[in-house]
Each structure stands twice: as structure tokens, then as C-alpha cells.
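Let me begin by presenting the structure, written as C-alpha cells, before commenting on it.
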Amino acid sequence: VYDSRGLKIFGAIHRGTDPAGRPCPGVVMYHGFMASKCQPPHRLFVQLAEALARLGIVSLRIDLPGRGDSEGDTIDMTVEGDLAAAQQAIDLLAMQPDVDGARIGLVGISWGGVLAATLAGRDPRVAATVLLSTQPYEQVNWKPRFIKIDGRRVYKFVGNLVGDQFFAGMKQLHPVDDLARARGPVIYIY
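Positions in the sequence shown are counted from 1; adding 8 to them yields our numbering.
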């Protein structure tokens, strides 16, 4: 659990070990828009984290603000808040004594892929990036149909209300440009 902008962010660390006792590479996983650190369906991120641990890689799966176990409400979420929580996850993983902070990888699916692409180009510790089922350019240009509820402009997404401030914040993102500055390999699976 760590604090991000006054909200408790929950995550799970899976520990791999190096047979020689050296620090291990680390991977941070970012879920889809309204998913969680388990990344339904099929608990994809749990299975991936367990497989990475068997390979000697430490991973951290987090719930972004307002999703999963983390504090906050989806109606109040912001791009800045998601980016801050995602960046702090990298910081937290890099501080672990069994992690080599210069060998951090990011895995992001859907919205998490936009975050991973953005941070891969902004954080020099990111050594590799995997983007799954994401379209970074299209997602940041998303123009949902808003409705008014209790005086707020919101978008209904899979039973969740998302305030218009979230979509306004997407204008600050340029994930494709950021990704072009990534220092390591990028795998893009769509």
C-alpha cells in the first residue's frame, strides 16, 4: 500500500529470486480502464506475475485510483492521478532491495498500455515495455458521449461513472511520442 495524491493505492508484489543472490529485474503491471491488478478475464496479471517470479523477476501489480482495492471513485479519477500512481509504482518497485532499479519493465493492457507507453519514454529506468491490446493514439483521442448526473458531466462505462475531467486531461498525453523516446525494446501485441 502506498499513498498517491492522498489516496491509498493497493498492489501485490510477486518475488522472484536470483540463484546467485543478485538483484532481480522488476516489472510493473498496469491494468485496463476499469479493470484491476488481477486484470480480468482469467486473472491474466496474476498468472503473468507468478510466471515471472518463477523466472527470477520481481513484479508489482497495482490498482489505479478508484479501481480494484485502491481508494477513490471513478467519477473523480484524472489522467494526472493515474500517471502519478503509475509512476510511484515504478519508484516503489525500484526501491526494493531485491530489485535492480536499472532493469525495470512495464506491462500495460488497454488504458494501462497508454500509461506504460507514456512512462517508458519519460522514465530512464524503464528498460523494456510490453503493450497489450492498446491503441495509444485512439485512446487519448476518445470522445465519449456525456450525460448530466447530479450537475456533473459524466460518461457511463461498464456501470461506472467517469467525470469529464478525466477526458479533458487526456489532451496532455502523447504516448506515441513518449514511446519513441523509450530506451529499451518495445513489444506491441494487438
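Here a beta-carbon is modelled for each residue, glycine too, at the ideal position from N, C-alpha and C.
Residue of the options minimising C-alpha distance to residue i
{"i": "G14", "options": "G89, V162, S44, C32", "result": "G89"}
{"i": "H182", "options": "T126, L91, R191, L63", "result": "T126"}
{"i": "A61", "options": "R160, D77, R23, Q47", "result": "R23"}
{"i": "G80", "options": "R191, P193, A59, L169", "result": "L169"}
{"i": "A135", "options": "D77, L114, G74, F154", "result": "L114"}
{"i": "A43", "options": "E58, G74, T25", "result": "G74"}
{"i": "L68", "options": "R153, L139, P49, Q104", "result": "Q104"}
{"i": "V184", "options": "Q147, T25, R161, D26", "result": "Q147"}
{"i": "T25", "options": "R51, V162, G64, D158", "result": "G64"}
{"i": "P193", "options": "G116, R160, T137", "result": "T137"}
For residue j and residue i, the rounded distance between their alpha carbons
{"i": "W150", "j": "G177", "result": "11 Å"}
{"i": "V87", "j": "D186", "result": "15 Å"}
{"i": "M85", "j": "G167", "result": "15 Å"}
{"i": "K179", "j": "Y145", "result": "11 Å"}
{"i": "D77", "j": "A28", "result": "35 Å"}
{"i": "I70", "j": "Q173", "result": "22 Å"}
{"i": "I155", "j": "A59", "result": "43 Å"}
{"i": "F175", "j": "G120", "result": "15 Å"}
{"i": "A94", "j": "D158", "result": "30 Å"}
{"i": "R160", "j": "H50", "result": "35 Å"}
{"i": "V162", "j": "R153", "result": "8 Å"}
Cβ shell of residue i (< 7 Å), same chain only, five flanking positions each side left out
{"i": "D118", "result": "A small fix is needed here, since residue 118 is Ser in this sequence, not Asp. So the list reads G40, F41, S141, T142, once near-sequence residues are dropped."}
{"i": "G10", "result": "One detail in the question is off: residue 10 reads as Tyr in this sequence, not Gly. I17, Q96, L100, listed in sequence order."}
{"i": "C46", "result": "F53, V54"}
Cutoff 6 Å; reference residue i; Cβ partners in own chain excluding five residues on either side
{"i": "K164", "result": "none"}
{"i": "R189", "result": "G129"}
{"i": "I21", "result": "L68"}
Residues that DSSP places opposite residue i in a beta bridge
{"i": "H22", "result": "S67"}
{"i": "M42", "result": "None, per the DSSP bridge assignment."}
{"i": "D113", "result": "According to the sequence displayed, residue 113 carries Gly and not Asp. Beta-bridge pairing links G113 to V35, A136."}
{"i": "V170", "result": "Y163"}
{"i": "D11", "result": "K16"}
{"i": "V107", "result": "C32"}
{"i": "I195", "result": "V138"}
Close-in-space but distant-in-sequence residues of the same chain around residue i (CB under 8 Å, 5 per side omitted)
{"i": "A5", "result": "With the chain covering 9 to 198 only, the question about residue 5 has no answer from this structure."}
Distance between beta carbons of residue j and residue i, contact taken as under 8 Å
{"i": "Y38", "j": "L123", "result": "5 Å"}
{"i": "V36", "j": "I83", "result": "Contact doesn't hold; Cβ gap of about 26 Å is too wide."}
{"i": "D131", "j": "P31", "result": "Not really, about 18 Å apart at Cβ, beyond 8 Å."}
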